[in-house]
Amino acid sequence: MKISTKGRYALRMMVDLAEHQNGEFIALKDIAERQGISKKYLEQIVPVFNKTNFLHTNRGFQGGYRLARRPDQYTVGEILRLTEGNLAPVACLENDPAECPRSSSCATLQIWKGLHKLINEYLDGITLQDVVDKQRELSANDYSI
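Residue numbers (my numbering): 19 to 163.
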(Lines of atoms letter the chains of each structure in order from A and count residues from 1; the text may use other names and numbers.)
(Lines give C-alpha, C1' and ligand atoms only; values in the text may rest on other atoms or scores of the structure.)
Protein backbone atom coordinates (compact mmCIF):
# COMPACT_ATOMS: atom_id res chain seq x y z
CA MET A 1 0.00 0.00 0.00
CA LYS A 2 1.26 3.41 -0.95
CA ILE A 3 -0.58 6.61 -0.04
CA SER A 4 -0.81 8.88 -3.08
CA THR A 5 -0.08 12.58 -3.24
CA LYS A 6 -3.84 13.15 -3.25
CA GLY A 7 -4.22 11.35 0.09
CA ARG A 8 -1.23 13.08 1.68
CA TYR A 9 -2.33 16.53 0.53
CA ALA A 10 -5.93 15.90 1.60
CA LEU A 11 -4.71 15.01 5.07
CA ARG A 12 -2.52 18.12 5.19
CA MET A 13 -5.48 20.26 4.10
CA MET A 14 -7.70 18.79 6.82
CA VAL A 15 -4.98 19.27 9.46
CA ASP A 16 -4.57 22.89 8.32
CA LEU A 17 -8.31 23.47 8.66
CA ALA A 18 -8.25 21.93 12.13
CA GLU A 19 -5.22 23.94 13.15
CA HIS A 20 -6.65 27.28 11.96
CA GLN A 21 -10.30 26.82 12.82
CA ASN A 22 -11.92 29.78 14.48
CA GLY A 23 -15.49 29.42 13.29
CA GLU A 24 -14.81 31.29 10.07
CA PHE A 25 -14.34 29.94 6.58
CA ILE A 26 -10.76 29.53 5.41
CA ALA A 27 -9.85 30.34 1.82
CA LEU A 28 -8.25 27.56 -0.20
CA LYS A 29 -5.50 29.96 -1.29
CA ASP A 30 -4.51 30.42 2.37
CA ILE A 31 -4.31 26.68 2.93
CA ALA A 32 -2.32 26.24 -0.29
CA GLU A 33 0.10 28.98 0.74
CA ARG A 34 0.67 27.64 4.26
CA GLN A 35 1.04 24.05 3.09
CA GLY A 36 3.12 24.73 -0.01
CA ILE A 37 0.55 22.94 -2.18
CA SER A 38 -0.82 24.23 -5.45
CA LYS A 39 -4.29 25.75 -5.10
CA LYS A 40 -5.24 23.96 -8.34
CA TYR A 41 -4.34 20.62 -6.77
CA LEU A 42 -6.43 21.38 -3.68
CA GLU A 43 -9.33 22.34 -5.95
CA GLN A 44 -9.22 18.77 -7.28
CA ILE A 45 -9.30 17.32 -3.77
CA VAL A 46 -12.11 19.44 -2.30
CA PRO A 47 -14.95 17.84 -4.34
CA VAL A 48 -14.23 14.51 -2.64
CA PHE A 49 -14.97 16.14 0.72
CA ASN A 50 -17.96 18.13 -0.55
CA LYS A 51 -19.84 14.87 -1.18
CA THR A 52 -19.57 13.97 2.52
CA ASN A 53 -20.18 15.58 5.88
CA PHE A 54 -16.50 16.47 6.25
CA LEU A 55 -16.58 20.15 5.27
CA HIS A 56 -18.85 23.16 5.23
CA THR A 57 -18.43 25.36 2.18
CA ASN A 58 -19.22 29.01 1.66
CA ARG A 59 -18.93 30.81 -1.65
CA GLY A 60 -18.28 34.47 -2.25
CA PHE A 61 -16.19 37.21 -0.68
CA GLN A 62 -15.81 35.57 2.73
CA GLY A 63 -15.96 32.11 1.24
CA GLY A 64 -13.88 29.10 1.94
CA TYR A 65 -14.00 25.90 3.93
CA ARG A 66 -14.27 24.80 7.52
CA LEU A 67 -14.59 21.50 9.29
CA ALA A 68 -18.12 20.19 9.71
CA ARG A 69 -17.15 18.42 12.94
CA ARG A 70 -14.66 18.90 15.74
CA PRO A 71 -11.09 17.80 14.91
CA ASP A 72 -11.31 14.96 17.44
CA GLN A 73 -14.19 13.49 15.41
CA TYR A 74 -12.12 12.84 12.27
CA THR A 75 -9.66 9.99 12.00
CA VAL A 76 -6.70 9.81 9.66
CA GLY A 77 -8.07 6.45 8.49
CA GLU A 78 -11.41 7.83 7.36
CA ILE A 79 -9.75 10.74 5.55
CA LEU A 80 -7.37 8.43 3.71
CA ARG A 81 -10.11 5.92 2.85
CA LEU A 82 -12.18 8.76 1.43
CA THR A 83 -9.36 9.96 -0.81
CA GLU A 84 -7.54 6.69 -1.50
CA GLY A 85 -10.36 4.19 -1.42
CA ASN A 86 -9.60 0.95 0.37
CA LEU A 87 -6.33 0.81 2.32
CA ALA A 88 -5.86 -2.88 1.61
CA PRO A 89 -2.21 -3.93 1.27
CA VAL A 90 -3.08 -6.44 -1.49
CA ALA A 91 -5.70 -6.37 -4.24
CA CYS A 92 -7.52 -9.47 -3.04
CA LEU A 93 -8.61 -7.65 0.15
CA GLU A 94 -10.11 -4.64 -1.63
CA ASN A 95 -13.52 -6.31 -1.41
CA ASP A 96 -15.10 -8.06 1.53
CA PRO A 97 -15.21 -11.01 1.32
CA ALA A 98 -11.95 -11.44 -0.56
CA GLU A 99 -12.58 -11.97 -4.25
CA CYS A 100 -9.83 -14.34 -5.18
CA PRO A 101 -10.25 -17.86 -6.54
CA ARG A 102 -7.40 -18.93 -4.25
CA SER A 103 -8.73 -17.33 -1.05
CA SER A 104 -9.98 -20.60 0.43
CA SER A 105 -6.55 -22.22 0.06
CA CYS A 106 -4.20 -19.22 0.20
CA ALA A 107 -1.53 -19.71 2.86
CA THR A 108 -0.63 -16.01 2.88
CA LEU A 109 -4.13 -14.51 3.04
CA GLN A 110 -4.10 -14.39 6.85
CA ILE A 111 -0.86 -12.39 6.75
CA TRP A 112 -2.44 -9.76 4.50
CA LYS A 113 -5.65 -9.71 6.55
CA GLY A 114 -3.61 -9.13 9.72
CA LEU A 115 -1.64 -6.33 8.09
CA HIS A 116 -4.85 -4.75 6.78
CA LYS A 117 -6.36 -4.87 10.27
CA LEU A 118 -3.26 -3.27 11.82
CA ILE A 119 -3.17 -0.50 9.21
CA ASN A 120 -6.83 0.37 9.75
CA GLU A 121 -6.66 0.18 13.54
CA TYR A 122 -3.55 2.36 13.61
CA LEU A 123 -4.90 5.04 11.25
CA ASP A 124 -8.35 4.99 12.89
CA GLY A 125 -6.67 5.54 16.25
CA ILE A 126 -5.26 8.93 15.21
CA THR A 127 -7.56 11.95 15.06
CA LEU A 128 -7.00 15.33 13.43
CA GLN A 129 -6.81 16.73 16.95
CA ASP A 130 -3.95 14.34 17.74
CA VAL A 131 -2.05 15.60 14.68
CA VAL A 132 -2.71 19.26 15.57
CA ASP A 133 -1.57 18.65 19.16
CA LYS A 134 1.63 16.98 17.93
CA GLN A 135 2.26 19.86 15.50
CA ARG A 136 1.85 22.40 18.31
CA GLU A 137 4.18 20.36 20.52
CA LEU A 138 6.83 20.32 17.78
CA SER A 139 6.41 24.05 17.16
CA ALA A 140 6.72 24.83 20.87
CA ASN A 141 10.06 23.05 20.96
CA ASP A 142 11.32 24.90 17.86
CA TYR A 143 12.91 28.04 19.25
CA SER A 144 16.33 29.59 19.10
CA ILE A 145 18.24 32.17 21.09
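Cβ atoms here follow ideal geometry from the backbone N, Cα and C, with glycine treated the same way.
Quiz item: So, helix, strand or coil for N76, using DSSP?
Solution: N76 falls in the strand class under three-state DSSP.
Quiz item: In its own chain, which residues sit with a C-beta less than 8 angstroms from the C-beta of P115, not counting the 5 before and 5 after it?
Solution: Take P115, set aside five residues on each side of it, and the residues of its chain with a beta-carbon closer than 8 angstroms to its own are S121, in chain order.
Quiz item: How far does the beta strand (DSSP E) with R26 in it reach, from first residue to last?
Solution: No beta strand (DSSP E) contains R26, which is instead part of the alpha helix (DSSP H) from T23 to E37.
Exercise. For N76, I'd like the list of residues in its chain whose CB is within less than 7 angstroms of its CB, leaving aside the five on either flank, ordered along the chain.
Key: Non-local beta-carbon contacts of N76 in its own chain, meaning distances under 7 angstroms to residues more than five positions away in sequence, involve F43 and G82 in chain order.
Quiz item: Any idea which residues DSSP pairs G143 with across the strands?
Solution: Looking at the DSSP assignment, G143 forms no beta bridge with any residue, so it has no partner.
Quiz prompt | Span of the beta strand (DSSP E) around Y83 | solution = G82 to L85 is the span of the beta strand (DSSP E), which, as asked, contains Y83.
Quiz item: Helix, strand or coil: which one does DSSP assign to I44?
Solution: DSSP places I44 in the strand class (E or B) of the three-state scheme.
Quiz item: For K47, which residues of its own chain have a beta-carbon under 7 angstroms away from its beta-carbon, when the five flanking residues on both sides are left out?
Solution: So the qualifying residues of the chain are K57.
Exercise. Classify A109 as buried or exposed, calling it buried when 16 or more other Cβ atoms lie within 10 Å of its own Cβ.
Key: Around the beta carbon of A109, fewer than 16 other beta carbons sit within 10 angstroms, so the residue counts as exposed.
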